[in-house]
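Written out below as structure tokens is the structure these notes cover.
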Amino acid sequence: MNALALVLAVVIGLTLGLLGGGGSILTVPTFVYVLGFAPKQAIALSLPVVGATSLFGAIGHGRAGNVNTRIALIFGGVSFVGSFISARLSRFISGEVQLALLGAIMLAAAALMYRGASRAMPATGSTASGGAEAGDPAHVPGHPMWKIGLVALGVGLLTGLVGIGGGFVFVPALVLFARLPMKVAVGTSTLVIAINTVGAFLGYHATTEVPWRFLGLFTLIAVGGILSGAYLVRFIAPAMLRRAFAIFLLVVGSFMLVERGWKLARARQADTAGLSHTAPG
Numbered sequence: 021m022n023a024l025a026l027v028l029a030v031v032i033g034l035t036l037g038l039l040g041g042g043g044s045i046l047t048v049p050t051f052v053y054v055l056g057f058a059p060k061q062a063i064a065l066s067l068p069v070v071g072a073t074s075l076f077g078a079i080g081h082g083r084a085g086n087v088n089t090r091i092a093l094i095f096g097g098v099s100f101v102g103s104f105i106s107a108r109l110s111r112f113i114s115g116e117v118q119l120a121l122l123g124a125i126m127l128a129a130a131a132l133m134y135r136g137a138s139r140a141m142p143a144t145g146s147t148a149s150g151g152a153e154a155g156d157p158a159h160v161p162g163h164p165m166w167k168i169g170l171v172a173l174g175v176g177l178l179t180g181l182v183g184i185g186g187g188f189v190f191v192p193a194l195v196l197f198a199r200l201p202m203k204v205a206v207g208t209s210t211l212v213i214a215i216n217t218v219g220a221f222l223g224y225h226a227t228t229e230v231p232w233r234f235l236g237l238f239t240l241i242a243v244g245g246i247l248s249g250a251y252l253v254r255f256i257a258p259a260m261l262r263r264a265f266a267i268f269l270l271v272v273g274s275f276m277l278v279e280r281g282w283k284l285a286r287a288r289q290a291d292t293a294g295l296s297h298t299a300p301g
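At position 253 of the sequence shown (counting the first as 1) the number is 273 in the working numbering, and the numbers step up by one without a gap.
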């Protein structure tokens with residue numbers, strides 16, 4: 021493992037700990053462009069790294085009282101099903117298309133993160149009208165459980181397809197739908213991601229060779245990052261972090277889309293040239 025990969029492992033953990041998501045979206049590009057794994061294997065291998073790292077982060081957040089376990093199980097249970105199904109179906113999609121899709125998702129995540137950082141999101145979980153308990157998604161006016169379930173299912177499907185944990189969607193969803201305070205949404209998101217990635221990895225496991233020694237080392241380094249992030253989150257303004265990370269995602273996502281598009285165009289050009297050479301004269 022080279023030095024750049026080690027640094028990125030720390031960054032993946034830090035962003036998960038500080039933002040409740042985002043770090044997982046960097047794992048696949050790290051495995052493809054820095055460590056040289058094929059796209060499909062990179063997606064599959066990213067899942068245990070993200071899942072284990074997020075679980076350790078959830079433990080750190082839980083000790084600080086920033087994890088709502090009941091809501092995490094609701095979100096995580098639904099997304100688990102979606103991620104397992106899409107991972108099983110991903111065999112019908114090429115790795116190049118999956119990476120291109122990841123690049124597009126990174127751009128969308130960058131827009132969501134930057135917009136979320138620029139807007140004032142609810143900082144505390146106020147009690148819902150009618151005496152409903154804050155943080156209880158079943159009683160939030162205008163946000164019935166089926167809407168929350170659709171968000172969780174959609175993110176689960178994306179996890180199985182491209183290997184993201186989904187924190188960049190889960191955190192705002194937990195704030196807006198479940199009325200959780202931001203720090204509790206960040207902590208709860210790490211537990212949701214851990215559950216979500218298990219479903220996807222189970223879907224990939226039978227068809228993927230797993231270098232467990234390498235994954236163990238990479239995960240250990242990332243865990244150090246997320247534990248540090250879970251500690252530092254109380255001292256750093258989330259809005260500033262989200263803006264900086266959104267810009268970083270914009271750069272990486274744009275690179276992936278351009279690079280994948282160029283490769284697909286070259287492959288199509290080569291196929292066309294091959295057909296022209298074999299055509300009857």
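No residue lacks a Cβ here, since even glycine has one placed at the ideal position from N, Cα and C. Since the model is a prediction, treat every value here as computed from it, not as a measurement.
Where the alpha helix (DSSP H) through residue i begins and ends
{"i": "P192", "result": "187–196"}
{"i": "R90", "result": "89–109"}
{"i": "P68", "result": "59–83"}
{"i": "G223", "result": "202–225"}
{"i": "V31", "result": "23–39"}
Cβ separation of residue i and residue j, assumed to be a contact under 8 Å, to the nearest whole Å
{"i": "V212", "j": "F197", "result": "With a Cβ gap of about 13 Å, V212 and F197 do not count as contacting."}
{"i": "L39", "j": "F265", "result": "7 Å"}
{"i": "L178", "j": "I125", "result": "7 Å"}
{"i": "L123", "j": "G180", "result": "The sequence shown places Gly at residue 123, not Leu. Actually they do not touch by this definition, with Cβ atoms about 17 Å apart."}
{"i": "G77", "j": "T239", "result": "Actually they do not touch by this definition, with Cβ atoms about 12 Å apart."}
{"i": "L127", "j": "S274", "result": "7 Å"}
{"i": "G245", "j": "A62", "result": "Contact doesn't hold; Cβ gap of about 19 Å is too wide."}
{"i": "V69", "j": "A242", "result": "6 Å"}
{"i": "L46", "j": "V31", "result": "7 Å"}
{"i": "F100", "j": "G176", "result": "7 Å"}
{"i": "A120", "j": "L277", "result": "6 Å"}
{"i": "F221", "j": "L67", "result": "4 Å"}
Where residue i falls, given that 16 or more other Cβ within 10 Å makes a residue buried
{"i": "P49", "result": "buried"}
{"i": "A182", "result": "The sequence given here places Val at residue 182; Ala does not occur at that position. By the neighbour-count rule (16 or more Cβ atoms within 10 Å), V182 is buried."}
{"i": "N22", "result": "exposed"}
{"i": "A64", "result": "buried"}
{"i": "G33", "result": "buried"}
{"i": "V271", "result": "exposed"}
{"i": "A92", "result": "buried"}
{"i": "R90", "result": "exposed"}
{"i": "T262", "result": "It is worth fixing the name first, because residue 262 is Arg in this sequence and not Thr. Burial call: buried."}
{"i": "R280", "result": "buried"}
{"i": "M260", "result": "exposed"}
{"i": "K60", "result": "buried"}
{"i": "T208", "result": "buried"}
{"i": "Q118", "result": "buried"}
{"i": "T35", "result": "buried"}
{"i": "A158", "result": "Reliability fails at A158, whose pLDDT of 43 lies under 50, so the model's placement of it is uncertain and no value is given."}
{"i": "R286", "result": "exposed"}
{"i": "T227", "result": "exposed"}
{"i": "P161", "result": "Here the model assigns P161 a pLDDT of 46, short of 50, so the residue's position is not dependable and the matter cannot be decided."}
{"i": "T292", "result": "exposed"}
{"i": "R199", "result": "buried"}
{"i": "A143", "result": "Per-residue confidence for A143 stands at a pLDDT of 46, beneath the threshold of 50, marking its modelled position as unreliable; the derived number appears in the next sentence. The residue is exposed, with fewer than 16 neighbouring Cβ atoms inside 10 Å."}
{"i": "A107", "result": "buried"}
C-beta neighbour in chain B for residue i, strict 9 Å
{"i": "T227", "result": "No chain B appears in this structure, which consists of one protein chain only."}
Original post:
Below 8 Å, can you find three or more Cβ-Cβ pairs linking the segment 185–201 to the segment 209–224?
Top reply: Touching, yes, given that three or more Cβ pairs across the two stretches are closer than 8 Å.
Original post:
Quick one: any contact between the segment 111–121 and the segment 241–252, if contact means 3 or more CB pairs under 8 Å?
Top reply: A contact is defined here as three or more CB-CB pairs under 8 Å, and the segment 111–121 fails this definition with respect to the segment 241–252.
Subject >> Touch test, the segment 266–274 against the segment 82–100, Cβ-Cβ under 8 Å, three pairs minimum >> reply: The segment 266–274 vs the segment 82–100: no contact.
Original post:
Whole alpha helix (DSSP H) runs in the segment 226–259 with 4 or more residues, listed along the chain?
Top reply: Runs found: 232–252.
Subject >> Stretch pair the segment 76–86 + the segment 230–238: three plus CB contacts closer than 8 Å >> reply: No: fewer than three Cβ pairs fall under 8 Å.
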